[in-house]
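Asks:
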Amino acid sequence: EVQLLESGGGLVQPGGSLRLSCAASGFPFGTYAMSWVRQAPGRGLEWVSSISGSGGVIYYRDSVKGRLTIARDNSKTTVSLQMNSLRVEDTAVYYCAKHAKGWGMVDQWGQGTLVTVSS
Amino acid sequence: QSALTQPASVSGSPGQSITISCTGTSSDIGNYNYVSWYQQHPGKAPKLIIYEVSARPSGISHHFSGSKSGNTASLTISGLQAEDEADYYCASYRNSNTPYVFGTGTKVTVL
Chain V
102 EVQLLESGGG LVQPGGSLRL SCAASGFPFG TYAMSWVRQA PGRGLEWVSS ISGSGGVIYY
162 RDSVKGRLTI ARDNSKTTVS LQMNSLRVED TAVYYCAKHA KGWGMVDQWG QGTLVTVSS
Chain F
6 QSALTQPASV SGSPGQSITI SCTGTSSDIG NYNYVSWYQQ HPGKAPKLII YEVSARPSGI
66 SHHFSGSKSG NTASLTISGL QAEDEADYYC ASYRNSNTPY VFGTGTKVTV L
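These protein sequence lines are chains V and F, in that order.
Residues in the first sequence are numbered consecutively from 102, following the numbering used here.
Residues in the second sequence are numbered consecutively from 6, following the numbering used here.
1. Let me make sure I understand the geometry here. Which of V:D174, V:R168 and V:G131 has the alpha-carbon closest to that of V:S122?
2. Can you pull out the residues from the segment 98-110 of chain F whose beta carbon lies closer than 7 angstroms to at least one beta carbon of chain V?
3. Just how far apart, CA to CA, sit F:S18 and F:T24?
4. Quick one, are the C-beta atoms of F:V40 and F:A78 less than 8 angstroms apart?
5. Do the segment 81-97 of chain F and the segment 26-41 of chain F meet, that is, are 3 or more Cβ pairs less than 8 angstroms apart?
6. Which residues in the same chain as V:E147 place their Cβ atom closer than 8 angstroms to its Cβ, once the five residues preceding and following it in sequence are excluded?
7. What does the Cβ neighbour count give for F:G29, buried or exposed, with the cut at 16 atoms within 10 Å?
8. Strictly by DSSP, which residues pair up with V:L182?
9. List the residues that DSSP assigns as beta-bridge partners of V:W137.
10. How do the segment 202-209 of chain V and the segment 84-93 of chain F stand: do at least 3 beta-carbon pairs fall below 8 angstroms, yes or no?
11. Please compile the residues from chain V whose C-beta is within a distance smaller than 8 angstroms of the C-beta of F:L80.
12. Helix, strand or coil for V:F130 per DSSP?
13. So with Cβ pairs under 8 angstroms, would you call F:S26 a contact of chain V?
14. Check each candidate in F:G48, F:P104 and F:Y56 and name the one with the smallest Cα separation from V:T214.
15. Restricting to Cα atoms, I'd like to know which of V:Q209, V:Y195 and V:L105 is closest to V:V216.
16. Which residues of the segment 13-42 of chain F have a Cβ closer than 8 angstroms to any Cβ of chain V? Give them in chain order.
17. What are the start and end residues of the beta strand (DSSP E) that includes F:Q44?
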């Protein structure tokens, strides 16, 4: 059974930092691309960042470039999101997501972790 | 990095069929059969219900079906049930500097 377990969310002041982590199990982790997807309160799903199975290909949405950094450790089957210079508009539930068919689909989701950026 | 376009809300009575549209471009829906649909109940993570335009994952009811024409994909819910009341999101692979894009989301209400 595939499991994705996020951790690291919490309350942080504007300009602060947080590190989200996603522990994966139940599938050959290094074979699959992973993404972070967020959902602001009362809003829709928004793709944030993706990393290929090897870690060699990385994508970010424009609004987070230079502030968020995605990484993976295939030996520990974890993917992380280092979040710096956080803004109020980064407030959201952050989901860890597993791709399938290359980048073609997200077939598994974690339960999400809430990040609140507020003074 | 614009989202795919969905209607904000769709409603129907129990037993009826409803269809949700999802409009993209030739960079995503129009040229790739990697269209997925997700169901999300309040406070829960999204759940995959359709992938590759019309395929259903194991355990997903046959009353969900998907199709595509040109740059527009569609999700049809046949025989609407109370438990189908949820938010629905389409998504697609996109050939650009962002590999995956979601729709704006549609709230389905069962009257």
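The beta-carbon is built from N, C-alpha and C at its ideal position, and this holds for glycine as well.
On a predicted model such as this, the values are computed, not experimentally measured, just so you know.
Replies: To lay it out plainly:
1. Sequence index remark: in the first sequence, residue 122 of chain V carries index 21 (1-based). It is V:D174 whose Cα lies nearest to the Cα of V:S122.
2. Y98, N102, T103, P104, Y105, V106, F107, T109 and G110
3. Here residue 18 of chain F is taken as the residue at index 13 of the second sequence, counted from 1. Here residue 24 of chain F is taken as the residue at index 19 of the second sequence, counted from 1. In a straight line, the C-alpha of F:S18 is about 13 angstroms away from that of F:T24.
4. Stepping through the second sequence from its first residue, residue 40 of chain F is reached at position 35. Stepping through the second sequence from its first residue, residue 78 of chain F is reached at position 73. Cβ distance < 8 angstroms, so F:V40 and F:A78 count as in contact.
5. A contact is defined here as three or more CB-CB pairs under 8 angstroms, and the segment 81-97 of chain F meets this definition with respect to the segment 26-41 of chain F.
6. Residue 147 of chain V sits at position 46 when you count from the first residue of the first sequence. For V:E147, where only same-chain residues beyond five positions count, the Cβ hits under 8 angstroms are V138, R139, Q140, A141, R162 and A193.
7. Taking the second sequence and counting its residues from 1, one reaches residue 29 of chain F at position 24. It counts as buried.
8. Reading the first sequence from its first residue, position 81 is the one you call residue 182 of chain V. Beta-bridge pairing links V:L182 to V:L121 and V:I171.
9. Translated into positions along the first sequence, residue 137 of chain V becomes position 36. In the DSSP output, where bridge partners are listed per residue, V:W137 has V:S150 and V:C197.
10. no
11. Residue 80 of chain F sits at position 75 when you count from the first residue of the second sequence. Simply none; closest approach about 15 angstroms.
12. Working through the first sequence from its first residue, we reach residue 130 of chain V at position 29. Here V:F130 sits in helix by DSSP.
13. Reading the second sequence from its first residue, position 21 is the one you call residue 26 of chain F. Not one chain V Cβ lies under 8 angstroms of F:S26.
14. Looking up residue 214 of chain V in the first sequence gives position 113. Measuring from the Cα of V:T214, the nearest candidate turns out to be F:G48.
15. Position 115 of the first sequence holds residue 216 of chain V. Among V:Q209, V:Y195 and V:L105, the Cα nearest to that of V:V216 is on V:Y195.
16. Y37, Y39 and S41
17. Working through the second sequence from its first residue, we reach residue 44 of chain F at position 39. V40 to Q45 is the extent of the beta strand (DSSP E) around F:Q44.
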